[in-house]
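A short worksheet on the structure shown next.
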Amino acid sequence: MINAVGRNIPDELLTNGREVFQGNNYRDGQIYTKPGPTVKAQIKPQESKLVESIREAIRLCGVKDGMTVSFHHHFRDGDYVANLVMQEIADLGIKDITIAASSMGAAHDPIGKMIEDGVVTGLQTSGIRGKMGEAVSNGKLKTPCILRSHGGRVRAIEQGEVHIDVAFIGAPTADEYGNARGKGGKSDCGVLSYAMIDAKYADKVVVITDCLVPFPNFPPSIQAVDVDYVVVVEEIGNPQKIASKAARITQDPRELMMAKECARIMAATPYFKDGFSFQTGVGGASLAVNRFIEPLMRERGIRMRWGIGGISAPMVELLEKGLIDCLVDAQDFDIDSVNSVHKNQTHYEISTSQYCNPMNKGAFVNKLDFVVLAALEIDTGFNVNVVTGSDGLLMGAPGGHPDASAGAKCSIIVTPLVRGRIPTVCERIVTVTTPGESIDVLVTDYGIAVNPRRQDLIDHMSAAGIELTTIEALKDKAYSMVGVPDDIVFHDRVVAIMEARDGTILDVVRQIKNYEV
Amino acid sequence: MKGKNRLRRTLMFVSAQTPGLVKEAYIYGADSIILDLEDAVAENQKDAARFSLYHALKTVDFMGAERIVRINGMDTPHWKEDIRAAVAGGADVIRIPKCDSAADVVAVEQYIKAVELEFNRPDAGTLIMAAMESPKAVLRAEEICTASERLVGIALSGGDFRKSMQTKYYPSGNEILAARGLLLLAARAAGVQCYDTIFSDLNDMEGFRVETVTGKEMGFDGKSVVSPRQIQVVHEVFAPSEKEMIEAERTVRAIRENAERGIGIFTLDGKMLDVAFLPGAERVLELAKASGLYKGDLV
Amino acid sequence: MEIKRMAMAGTLESSDVQITIEPGNGTIAVQIDSIVLNQYGRQIKAVVLRTLEDMGVTSANVTVVDKGALDCTIRARAECAVYRASEFEEQIPWGGVAR
């Protein structure tokens, strides 16, 4: 069945009430009942929930074949927790595990092998890279991987579409009762936003830390009332990779040129006024927008009320200069943002549900004015791909991209027109991760195009003297430079399902096929 | 000659041997791109660079940026084949490195003419730019500037010049002050353009800005740059102020209107004006237009 | 043109292509390795074959290692490799055989 972004979704996937994507607001107003976890009461006074090893915790939680376990990705490429837990599960001879992670990255290459071995047969994630991406793309995973945005993941948990049997939550600090925080310790990651909902909805919750602190570890991101066991290990991650050194503004003239255009565009809209809100991706050009909005804000004498998202140094800098009232933080990308959430009183930790779940009673992104994000590919209908490479391989993360762009009044995609020989603006993108109706403006190094759905923005930009082109013209320009690419050839088999924020099916990813000239 | 006096605020060097740089060199807005066959290309890759250059000239749309080819020195076996590839590809300008005398310019001009005929481009009018690196060349700037109708301008190649002067780069610019002055005098006397030397420390953007301001104040037409990062700075420095622009606009308008009525000399805002003020005012407007400040149609 | 010896042109830098050409057995054999093989492999091969044909090369083994080069770069590297391999030392007929 063809969905609202023109993708053909195989009928065999449309069972058990699954529907194809029918527009961002299709399920607006839907009524549902949240599921509750199955909890083992702890009435008898108990001094500690410490157990001696991850293996012991797995045994006590009763992990068995076919269960679903969850992980978060606040430790990014420095994460050890998912590998430690999965290795114990594999060693115990348990199979058919479904991993429900907020994201999987380069750190999780060892799990790629477990997919081939049948230890892992299900995967639900907001990002997939490296060996895991290769394994899934090559059809090694028994069931199709389910890709969701950050908001979509929380929605699926809060609506009961995914039931977590055991949540394994790596925590930079925890007390013996399980109060856990993203702050402190040697593996400091600032916040634990992705894990908060897991702790509330999983039947069993295991906190894994490398820094045990005196009770109570307050205020906690993960509350002891939700935690079954606490394990202390040597290291939960590589601190250098968890909080990398401060994200610096790019020196690349092309990225700077595009970032400057983004700022000009923002300033040309009516939303750029005192009290506006803003989110930016961590890509070179998106991040650099922070630098270019600063002089425009000063010139107009306006302040940002709130900044949101994955936070990094440039946003913290604006907070500390007094140009932003507060930051609401669902992830920290560098050491400066980690430090800031500790010390700055108006830098707040929020849960991923608060951040961007489309089906709670209203998330932060719904009130967002601007978001600036990158793209791997964008088609002439403004649909964006951020999850598959142009060769078809799973290698990216929808993350909060579909959420922030759906919510923001003005969502800007910034990307070079071509990368190497690959056209970014093209006729047909490999996978739709963010529907075109969410995207308002495209900024490239060869010109700016506004989504024709947004005549109001076109008018504002024309009034501000910003020269515009069309996305078709940009695509033609790209093709004239690099040639028209051949369509990638896939096997028929669906290896991953890209869910829209509301759980409908936006697209499918098929098994890659070796290509011969 | 077509395009001889076009605006050349920035002349950006790009190795002709590096396809990743050549294919999009123009997007940063430099007025001229110098596709380099000389210093940026290793001795054993001179032939490969010519093939790349030829095909880049033939296929890449430089979106209005001028395409200058820096050939190898006339003391090398390469320069003639360099000119053949450049002219066959349709380059706008040939830049002669280490130009030492008027005879060098004449030899290049003769060869360009022959090659234009060979490739059936008799009206191509390929232009010439000369770069001086030695004290001897600097002292001969006057004869070099008048050696050919095709010569659009001259440049100082600071790196080598400093070496031959037993000095090195100083932030004050004292070490090349005399050379800059001589070149500017010669160029202005001959009515050709003059371009300031490169600034190689990409991390010292403030030093670069200071040197660019000095160049602008001395009267250079533009500056050679080695990275896209430097382009914006030069364009900012060379951009006229709004006041200068408005004054230039009024001047151009007044001189043209009076000329139509047969009036050669008149006063505007209490200042005596005649046709001699026209080129200067027009240049201010051209600069203003290139920097996006002037949107009118007088230039 | 006759391929007299093995010759190579181009680099492995991004947006470049390295083309190696060797004497063949009376036919043209092209082997392609490219970071954009799925999307552009067919076109890369076509450009290489057309270049060889234009230059009158009928016997050669060609190895292409592509890092995302545009057609004009592929053409430039292929022509250079052929000239080097055929030990051509006269003036290049720009716009003639090389075009």
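Protein chains in written order, with our numbering: chain G, 1068 to 1584; chain H, 368 to 666; chain A, 16 to 114. Positions of the beta carbon are idealized from the N, C-alpha and C atoms, including for glycine. Owing to the predicted nature of the structure, the values given are computational and were not obtained by experimental measurement.
Contact of G/Pro1104 with chain H is not assigned, every C-beta pair being separated by 8 Å or more. Nearest Cα to G/Pro1102 within the set G/Ala1071, G/His1141, G/Val1221, G/Glu1225: G/Glu1225. Within the same chain, Thr1135, Gly1189 come within 6 Å of G/Thr1165 by CB-CB distance, once the 5 residues on both sides are set aside.
Counting along the chain, the unbroken alpha helix (DSSP H) around G/Gln1154 starts and ends at 1148-1158.
Classified as exposed, G/Asp1554 has fewer than 16 neighbouring CB atoms from the shown chains inside 10 Å of its CB. Shown in chain order are the members of the segment 73-90 of chain A whose Cβ falls below 7 Å from a Cβ of chain H: Ala84, Leu85, Cys87, Thr88, Arg90. Taking 8 Å as the cut-off, the Cβ atoms of G/Ala1563 and G/Gly1218 do not count as close. Separation of the CB atoms of G/Ser1472 and G/Thr1501 is rounded to 5 Å, and the pair is thereby assigned contact status at 8 Å.
Listed along the chain, the chain G residues whose CB falls inside 8 Å of the CB of H/Tyr395 are Pro1320, Arg1321, Met1324.
DSSP places H/Val642 in no beta strand (DSSP E); its state is neither H nor E.
Linking A/Glu104 to H/Ala409 through their CA atoms gives a straight-line distance of about 19 Å. Within the same chain, Cβ atoms closer than 6 Å to the Cβ of G/Val1549 are found at Val1485, Arg1488, Pro1490, the five residues on either side in sequence being excluded.
A/Ala22 does not reach chain H, its nearest Cβ partner there being about 11 Å away, counting only Cβ pairs nearer than 9 Å.
Between the segment 1130-1146 of chain G and the segment 1168-1186 of chain G there are three or more inter-stretch CB-CB distances shorter than 8 Å, so the stretches are counted as touching. Taking the Cα of G/Glu1384 as reference, the smallest distance to any Cα among G/Leu1354, G/Arg1367, G/Arg1560, G/Asp1559 is reached at G/Leu1354. H/Arg451 and H/Val482 have their C-alpha atoms spaced approximately 6 Å apart. Taken in chain order, the whole alpha helix (DSSP H) runs of length 4 or more contained in the segment 383-463 of chain H are 386-389, 413-426, 446-456. In this structure, G/Ile1533 sits away from G/Asn1518, with a CB-CB distance that is not shorter than 8 Å. Cβ atoms of G/Ala1380 and G/Ser1404 come within 8 Å of each other, at about 7 Å. Residue state for G/His1139 is assigned as coil, using DSSP reduced to three classes.
Inclusion of H/Ile401 and H/Leu378 in the CB contact set at 8 Å is warranted, their separation being smaller than that value. Considering only G/Val1576, G/Gly1200, G/Val1221, G/Gly1474, the residue with the shortest C-alpha distance to G/Gln1346 is G/Gly1474. If you keep only unbroken beta strand (DSSP E) runs of at least 3 residues inside the segment 1268-1344 of chain G, you get 1271-1276, 1296-1299.
Inter-residue distance for H/Pro595 and G/Arg1248 is about 45 Å (C-alpha atoms, whole angstroms). Boundaries of the beta strand (DSSP E) around G/His1414: 1414-1416. H/Leu551 and H/Phe587 have their C-alpha atoms some 7 Å from each other. In this structure, A/Val79 places its C-beta atom within 8 Å of the C-beta atom of A/Ile34. Below the 8 Å Cβ cutoff, chain H contributes Glu391, Ile394 as neighbours of G/Asp1512, in chain order.
Here DSSP, grouped into helix, strand and coil, assigns G/Pro1490 to strand. Inclusion of A/Ile47 and A/Asp81 in the CB contact set at 8 Å is warranted, their separation being smaller than that value.
With 16 or more other Cβ atoms inside 10 Å of its own Cβ, G/Arg1222 counts as buried. Neighbours of G/Gly1487 across chain A, judged by C-beta separation under 8 Å: Ser29, Ser30, Ile50, Val51, Lys82, Gly83. H/Asn541 sits in a helix when the DSSP states are folded into three classes.
Below 8 Å, enough C-beta pairs join the segment 1224-1239 of chain G and the segment 1288-1305 of chain G to call them touching: three or more. Going by C-alpha positions, H/Lys480 is about 7 Å away from H/Pro489. By the neighbour-count definition (other C-beta atoms within 10 Å, threshold 16), H/Asp641 is an exposed residue.
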